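Worksheet: one structure, shown below.
Numbering (the working numbering), first residue to last: 2 to 133.
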């Protein structure tokens, strides 16, 4: 859910394609898209899927992807797979979404501004959600 929200923000305010995958869900089509220099943002949240995520990070990096890893301050394993490491405070599994979402929102913001767009006025986005 965290990566999905981050990808959604990137799409909504910078109009760039972004795709979110759960740790361990990398096989087949997604790997075929990776080329040397492809940017990958990995959200290394604590939890049971970390082992699969670390394996995926290693596999993507071996294919030449540019790895941007968001990890907690006490995480000693994720930095081994990062070209760029973004640290967030340790908050535990329950509260970690609150700290991990901020770098993803900032990424979307800076991508938008860097493209000369106004992140406060995204096109085709309503201020409220209508449920039918």
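The beta-carbon is built from N, C-alpha and C at its ideal position, and this holds for glycine as well. As the structure is a computational prediction, the values presented were derived from the model and not from experiment.
Inclusion of residue 44 and residue 4 in the CB contact set at 8 Å is warranted, their separation being smaller than that value.
DSSP places residue 8 in the uninterrupted alpha helix (DSSP H) bounded by 3 to 15. Between the alpha carbons of residue 109 and residue 13 lies a distance of about 9 Å. Between residue 121 and residue 42, the alpha-carbon positions lie close to 23 Å from each other. DSSP, read as helix, strand or coil, puts residue 47 in coil. One thing to note: residue 47 has its Cβ within 8 Å of the Cβ of residue 97. Going by DSSP, residue 109 is part of the alpha helix (DSSP H) stretching over 93 to 115.
Residue 75 counts as exposed, since fewer than 16 other beta carbons sit within 10 angstroms of its beta carbon. Taking the Cα of residue 88 as reference, the smallest distance to any Cα among 81, 99, 72 is reached at 72.
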